[in-house]
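**Student:** Residue numbers (the numbering used here), protein chains in the order written: chain F, 5 to 516; chain P, 2 to 328.
There's a structure below that I have some questions on.
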Amino acid sequence: MSLAPFSRRSLIGAGLAGAGLLALPGCARVQAPARKGGGIRVATQSASTADTLDPAKGALSTDYVRHFMLYSGLTETGADMIARPSLAERVESADRVTWSFTLRRGVRFHDGAELTSADVVWSLLRHKDPALGSKMATIAAQFAEVRADGKYGVILRLTGANADLPAILSQSHFLIVRDGDKAPAGNGTGPFRLAQFQPGVRTVATRNPEYWVPGRPHLDRIELIAIADEVSRVNALLAGDIQLANAIDPSSTRRVEAVPGHAVLATPSALYTNLILRQDQLPTGNPDFVQAIKHLIDRKLVKRALFRDFATIGNDQPIPPFHPYFNPDVPQTVLDLDKARWHLKRAGLTGVRLPLYASPAATGSVDMASILQEYGARVGLNLAVNRMPADGYWSTHWMRHAATFGNTNPRPTADLVFSLFYKSDAAWNESGWKNPRFDKLLVEARGEPDEPRRKALYGEMQRLVHDQCGSVIPVFISLIDGYDRRLKGLRAVPLGGMMGYRFAEHVWWDEG
Amino acid sequence: MSAASAPRTMLSGLLPLLGKRVASALLTLLLVSAVIFTVSGLLPGDAAQETLGQSATPEQVAALRHEIGLDRPALARYADWLAGMVRGDPGTSMVANMPVREIIAQRLPNSLMLAGFTALISVPLALAIGIASAVNRGGKLDRALNIMTLSMVAVPEFLVATLGVLVFSVKLLWLPSIALVSDTSTWGELIRSSTLPVLTLTVVVTAQMARMTRAAVADQLDRPYVEMAQLKGVRFSRVVLAHVMPNALGPIVNAVALSLSYLMGGAIIVETIFSFPGLASLMVNAVTSRDMPLLQACAMIFCTAYLLLVLTADVVAIMANPRLRAQ
C-alpha cells in the first residue's frame with residue numbers, strides 16, 4: 005500500500021492510534037489523572053422539535069454534541085485542526101481520488117453488532133438520497149463510488165482529487181450508523197449510550213462500558229438540555245443546576261468569573277459575521293465602493309465594543325490567523341477615512357444612499373451596521389440600517405439585497421469554506437463574486453499533495469478574496485463556554501464550542 | 002340565556018345554553034384554524050426551508066417539500082388536516098417526524114401542572130386579598146393591598162422571574178434556576194423545581210383577579226340590600242359571604258377565567274426563562290419552524306381551554322345567582 009502522499013497525516017495518526025489512542029494529544033499534558041464516574045448536566049442554547057438522533061440531519065450545537073456522544077466517525081479532527089484516523093485504523097490514498105479505509109476490528113454498536121464495511125458504506129451513501137435531507141448532500145455529491153472491500157475495508161472514489169477528505173469525514177454529519185438504519189435512533193459506536201431522548205427537552209446518555217477507546221469515557225452520565233435564554237443559562241450555571249454551558253455572551257464573562265468555582269473557556273474560532281456586498285448589483289458591485297467600505301470598518305472598535313475582546317481581527321478573507329494555512333503576508337486593512345473618501349470619489353458614488361440589512365440572526369450585525377453608518381456619514385455615504393427579525397432572515401433577506409449581513413460557522417477545512425461561500429458557482433457564493441483564477445486555484449489546492457505548495461495556493465486565494473471579493477469580515481468571533489471548575493479536561497478546539505462539540509468523551513468530574 | 006320558557010330545574014335551564022355554546026365553540030375553532038392556516042402561510046419560508054436552514058440547496062428543499070407533502074396545494078393540505086382532526090388525529094409533525102399527539106402528550110401535562118399549581122395558589126389568594134380590601138375600603142389595609150396589587154400588575158413578569166432566580170437560586174442556592182421536569186422526577190423534585198415558575202405566574206395573575214374581586218365586592222357592598230341585611234342584624238361576615246358573594250360572583254369568575262386562560266398560552270416568558278418544557282414554547286417553536294400540524298394542534302388546545310374556561314365561568318355565575326337562572 006502506498007502511504008507516501010498522505011504519509012504525514014496517516015503516519016501521525018497511525019502512530020498515535022498505536023500509542024494508546026490519544027487522538028487529542030493535549031490530554032497528556034493534564035496534570036491529574038482522569039477520575040472515573042460522576043454525572044453532569046450540560047446546556048446548549050438551541051433546542052427545538054427538530055432535534056434529531058440522525059447525524060446526517062444535525063443542524064444545531066445540541067445535535068452535534070448529542071451525535072458525538074452516541075456515534076463515532078471514520079476520522080477525528082483535533083485541536084491542531086489535523087484529521088486523524090478514528091474508526092478507520094488506516095486511511096490511505098495514492099492520488100487523493102480513490103481512498104481506502106481499513107476499519108478497526110472488534111468495534112461494537114450499542115446493540116452488540118460488530119462494525120463492518122457495510123455500515124460505513126450505508127452511512128456514507130445515505131447522504132446522496134435527496135429525500136433524507138442531509139446537511140452534507142452537496143459534499144456527498146463528490147462521492148463517485150463507495151464500496152466494501154472485504155469485511156473491514158472500504159473504498160471511496162471521489163469525482164475529483166480532494167486531500168481534505170479525512171477532515172471532511174470527521175464532521176458530525178458523517179458519523180457512522182448501522183447498515184440499513186433509515187432513521188437512526190442512537191445506535192452507534194460512540195462513548196455513550198442513549199438512555200432518554202425528548203426532542204426540544206432533553207437527552208440523557210450513560211457511559212458505554214464497551215467503548216472501543218480504552219479508558220474512555222470518564223463520566224457515567226450526561227444530561228443534555230437546552231436553555232435558549234442566555235441570562236437563564238448563566239444563572240443556571242451559577243446556581244449549580246448545570247455544569248457546562250455554551251454560547252456565553254461576552255458581557256456575561258465577568259459575572260461568571262466573579263462567582264467562585266466557575267470559569268469561562270474562550271475558543272478562538274473561524275466563526276464570522278460578514279457584510280456581503282453583491283457584485284451583481286449597484287452600487288455594491290463597484291470595486292472602489294467595496295474598497296471604500298472595507299476601509300470604513302473600525303475593526304478594533306468592533307472587537308472591543310461588540311465582543312469585549314473575545315474576537316480576532318479579520319482581514320476580509322475567511323481564514324483566521326491561527327489556521328495552519330493562514331497567509332500573514334496579506335496586508336491588514338485598517339480604518340482609513342481618507343482612503344475611503346478617495347475610493348468613493350473615484351467611483352463617483354459620494355452621497356449615495358444604501359440600506360444595510362442586518363438581523364439578530366447574524367451575531368452582532370445590527371451593531372456593526374450602526375458603526376458603519378456612523379463612519380459612512382463622515383465620508384459622505386448615506387447608509388441606512390434595516391433591522392430585520394431573525395425569523396425567516398436567511399430565506400428572505402440574506403444575499404437577496406445589495407448589502408446584507410451573513411454569518412458563517414467554522415468549517416473543518418479551508419477548502420470547505422472557500423468552496424461553499426467563495427467559488428463562482430457555489431449556491432451560497434454570498435457576494436456573487438466570480439473569479440476564474442480563484443476557482444482554478446481552489447481545484448488545484450484540493451488535489452495538491454505537497455503541503456508547502458498547498459499552503460502557498462491557499463495563501464494566494466486569501467489575497468484574491470481580500471483584494472477583490474465583496475465579503476467584508478471585520479472580526480472572527482470567539483466562542484465562550486462557561487463551566488464548573490470541578491469539570492476537568494476541557495480545552496479549546498477551534499472547530500466549535502465545547503471542544504468542537506466533543507467534550508463528552510474527554511472530560512471528567514473531580515470533586516476535590 | 003334568553004330561553005323563552007322558564008325552566009323548572011337548573012340543569013334543564015342550562016342544557017340549551019350548553020348546546021349552543023358547544024356549537025359556537027366548534028365554529029370558533031374552525032374559524033381560528035382557518036385563520037392560523039392562512040396567516041402562517043403568509044410567513045416567509047416553509048417547514049422545508051426552515052428545517053434545512055441557511056445552507057439548503059433548491060434541490061434539497063424541493064425533495065423535502067415533496068417528502069412532507071408541502072408541494073400540494075394549500076387548500077388540499079388544509080382539507081386533509083381538517084379531515085384528520087374530525088377523526089381525532091392531529092397528524093404528524095413536519096419537523097420532528099413524530100405524531101403531533103406524542104409531542105403534545107409530553108408537554109400538555111407540564112403546562113396543566115404549571116397552570117393547576119398556580120390556580121390553586123392564586124385564586125384563593127386573590128379572593129382573600131380582594132374581599133379583605135373591599136370590606137376595609139379606605140382603610141390602611143385596603144391602601145396597602147392596593148399598592149401591592151398595583152405594583153404587581155406593573156412589574157413585568159420577566160423581571161419578577163429574573164429577580165426570583167437571582168435571589169433564590171444564584172445567591173441563596175435554595176431553588177433550581179431552571180425547571181427540570183422529567184417523567185422520572187419525584188413529587189418532591191417536581192414541586193421544588195416548579196416553585197419559582199409557579200410563584201412568578203402567581204404574582205402576575207393574582208393581582209388582576211384581586212382587583213376585579215375588590216371592584217365587584219365593593220360595588221355590591223353599596224347596594225341597599227346589604228344595608229337592609231345589616232339593619233336586620235345579620236353578622237357582617239355572613240352578609241359578605243352569603244349575600245354579597247353570590248351577587249359578585251359573576252364578574253369575579255369571569256376575571257378568574259380570563260386570568261387562568263393566560264396561564265396556558267401566556268406562560269411563554271416564564272417557560273423561556275425557566276426553560277420549562279410547556280405548550281407555549283412548543284407553539285412558538287412550531288411557528289418558527291413553520292410546523293403547521295403542530296402549530297394548529299397547539300392553537301386548538303389554547304382556544305379550547307379558553308372557551309372551556311369562559312363557559313365554566315358563565316355556568317358558575319348562573320348557578321350561583323338564582324336571578325340569572327330564572328331569566
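Every residue gets a Cβ at the ideal spot worked out from N, C-alpha and C, and that includes glycine.
Determine the burial state of Met-392 of chain F: buried for a count of at least 16 other Cβ atoms within 10 Å of its Cβ, exposed for fewer.
**Tutor:** Classification of Met-392 of chain F: buried, given that the 10 Å Cβ count is 16 or more.
**Student:** When Cβ atoms are compared, which residues of the region 187 to 213 of chain F fall closer than 9 Å to chain P?
**Tutor:** Listed by position, the residues of the region 187 to 213 of chain F near chain P (Cβ gap below 9 Å) are Ala-187, Gln-200, Gln-202, Pro-203, Gly-204, Val-205, Arg-206 and Val-208.
**Student:** Quick one: list the residues of chain F neighbouring Gly-46 of chain P, beta-carbon separation under 9 Å, in chain order.
**Tutor:** Residues of chain F passing the Cβ test: Asp-395, Gly-396, Trp-398, Ser-399 and Thr-400.
**Student:** Answer with yes or no whether the minimum CB distance from Ser-112 of chain P to chain F is below 8 Å.
**Tutor:** False, the Cβ-Cβ gap to chain F never drops below 8 Å.
**Student:** In its own chain, which residues sit with a C-beta less than 6 Å from the C-beta of Ser-195 of chain P, not counting the 5 before and 5 after it?
**Tutor:** For Ser-195 of chain P, where only same-chain residues beyond five positions count, the Cβ hits under 6 Å are Ala-180.
**Student:** Gly-451 of chain F lies in the alpha helix (DSSP H); which residues open and close that run?
**Tutor:** Start and end: 440 to 451.
**Student:** For Val-356 of chain F, which three-state DSSP category applies?
**Tutor:** In this structure, Val-356 of chain F counts as coil in the three-state DSSP scheme.
**Student:** Return the bridge partner residues of Tyr-361 of chain F from the DSSP annotation.
**Tutor:** In DSSP, Tyr-361 of chain F forms a bridge with F:Asn-390 and F:Thr-408.
**Student:** Using the C-alpha atoms, what's the distance from Ser-435 of chain F back to Val-389 of chain F?
**Tutor:** So the alpha carbons of these two residues sit roughly 19 Å apart.
**Student:** Terminal residues of the continuous beta strand (DSSP E) containing Ser-104 of chain F?
**Tutor:** Taken as a continuous stretch (DSSP letters only), the beta strand (DSSP E) holding Ser-104 of chain F covers 102 to 107.
**Student:** Taking Cβ-Cβ distances shorter than 8 Å, what residues in chain P pair up with Thr-48 of chain F?
**Tutor:** The premise fails here: Thr-48 of chain F is roughly 11 Å from chain P at the closest Cβ pair, so nothing lies under 8 Å.
**Student:** Start and end of the alpha helix (DSSP H) containing Ala-251 of chain F?
**Tutor:** Where Ala-251 of chain F is concerned, there is no enclosing alpha helix (DSSP H), given that its DSSP letter is neither H nor E.
**Student:** Please check if any C-beta of chain F sits within less than 8 Å of the C-beta of Glu-190 of chain P.
**Tutor:** Output row for Glu-190 of chain P: interface = no.
**Student:** Please tell me whether Tyr-263 of chain P and Val-206 of chain P are closer than 8 Å, where the distance is taken between their beta carbons.
**Tutor:** Yes; because the gap between Cβ atoms is below 8 Å, this pair is in contact.
**Student:** Of the residues P:Ala-48, P:Pro-74, P:Ala-75 and P:Tyr-79, which one's Cα is nearest the Cα of Leu-65 of chain P?
**Tutor:** Per the Cα distances, P:Ala-48.
**Student:** When the Cα atoms are used, what is the spatial distance from Val-101 of chain P to Trp-402 of chain F?
**Tutor:** Cα to Cα, Val-101 of chain P sits roughly 32 Å from Trp-402 of chain F.
**Student:** Per DSSP, Ser-97 of chain F forms a beta bridge with which residues?
**Tutor:** Paired residues: F:Trp-103.
**Student:** In chain F, what lies closer than 8 Å to Thr-203 of chain P by C-beta?
**Tutor:** None at all; the shortest Cβ gap to chain F is about 19 Å.
**Student:** Taking Ile-132 of chain P and Val-241 of chain P to be in contact with their CB atoms under 8 Å, please state how far apart those CB atoms are, rounded to whole angstroms.
**Tutor:** With 8 Å as the limit, Ile-132 of chain P and Val-241 of chain P qualify as a contact, their Cβ atoms being about 7 Å apart.
**Student:** Against chain P, does Asn-239 of chain F count as a neighbour if the rule is that its beta carbon must be under 8 Å from one of theirs?
**Tutor:** Closer than 8 Å: yes.
**Student:** Identify each residue in the region 128 to 160 of chain P for which the Cβ-Cβ distance to at least one residue of chain F is less than 8 Å, and report them in chain order.
**Tutor:** Within the region 128 to 160 of chain P, no residue has a Cβ that lies closer than 8 Å to any Cβ of chain F.
**Student:** For a contact meaning CB atoms closer than 7 Å, what does Pro-17 of chain P contact in chain F?
**Tutor:** Residues of chain F passing the Cβ test: none, with the nearest at roughly 42 Å.
**Student:** Report the neighbours of Glu-228 of chain P on chain F: residues whose CB is nearer than 9 Å to its CB, in chain order.
**Tutor:** Chain F residues near Glu-228 of chain P: none, gap ~54 Å exceeds 9 Å.
**Student:** Helix or strand or just coil, what does DSSP make of Arg-45 of chain F?
**Tutor:** The answer is strand: DSSP assigns Arg-45 of chain F an E or B state.
**Student:** Tell me which same chain residues have a C-beta within less than 6 Å of the C-beta of Pro-252 of chain P, skipping the five on either side of it?
**Tutor:** Ala-217.
**Student:** Thinking just about the alpha-carbon of each residue, which of F:Gly-190, F:Ala-431, F:Ser-236 and F:Tyr-426 is nearest to the one in Lys-438 of chain F?
**Tutor:** Ranking F:Gly-190, F:Ala-431, F:Ser-236 and F:Tyr-426 by Cα distance to Lys-438 of chain F puts F:Tyr-426 first.
**Student:** Just to confirm, are Leu-314 of chain P and Val-254 of chain P a CB contact at a threshold of 8 Å?
**Tutor:** According to the sequence displayed, residue 314 of chain P carries Ala and not Leu. Against a cut-off of 8 Å, the Cβ pair of Val-254 of chain P and Ala-314 of chain P comes out as a contact.
**Student:** Listed in chain order, which residues of the region 39 to 73 of chain F have Cβ atoms closer than 7 Å to some Cβ of chain P?
**Tutor:** Result list: Ser-52, Thr-53, Ala-54 and Ala-63.
**Student:** Apart from the five residues just before and just after Ala-38 of chain F, which ones in its own chain have a Cβ nearer than 6 Å to its Cβ?
**Tutor:** If we look at Ala-38 of chain F and ignore the five residues flanking it on each side, its Cβ neighbours are His-222 and Trp-512.
**Student:** In angstroms with no decimal places, state the Cα-to-Cα distance between Asp-143 of chain P and Met-213 of chain P.
**Tutor:** Going by the C-alpha atoms only, they are around 14 Å apart.
**Student:** So, with DSSP's three-state summary, where would you put Trp-398 of chain F?
**Tutor:** Helix at Trp-398 of chain F.
**Student:** What are the start and end residues of the alpha helix (DSSP H) that includes Ala-122 of chain F?
**Tutor:** Segment 121 to 129, the alpha helix (DSSP H) holding Ala-122 of chain F.
**Student:** Determine which residues share a DSSP beta bridge with Ser-3 of chain F and list them.
**Tutor:** The displayed coordinates of chain F run from 5 to 516. Any statement about residue 3 of chain F would go beyond what the structure contains.
**Student:** Go ahead and label Arg-33 of chain F buried or exposed: buried means 16 or more other beta carbons lie within 10 angstroms of its beta carbon, across all protein chains shown.
**Tutor:** Unreliable positioning characterises Arg-33 of chain F in this predicted model, as indicated by a pLDDT of 47, which lies under 50. A coordinate reading is not provided.
**Student:** For Phe-201 of chain F, which residues does DSSP report across the bridge?
**Tutor:** Bridge partners of Phe-201 of chain F: F:Thr-207.
**Student:** Just checking my contact of Arg-100 of chain F with Gly-451 of chain F at CB under 8 Å: how many whole Å lie between their CB atoms?
**Tutor:** Right, their Cβ atoms sit about 5 Å apart.
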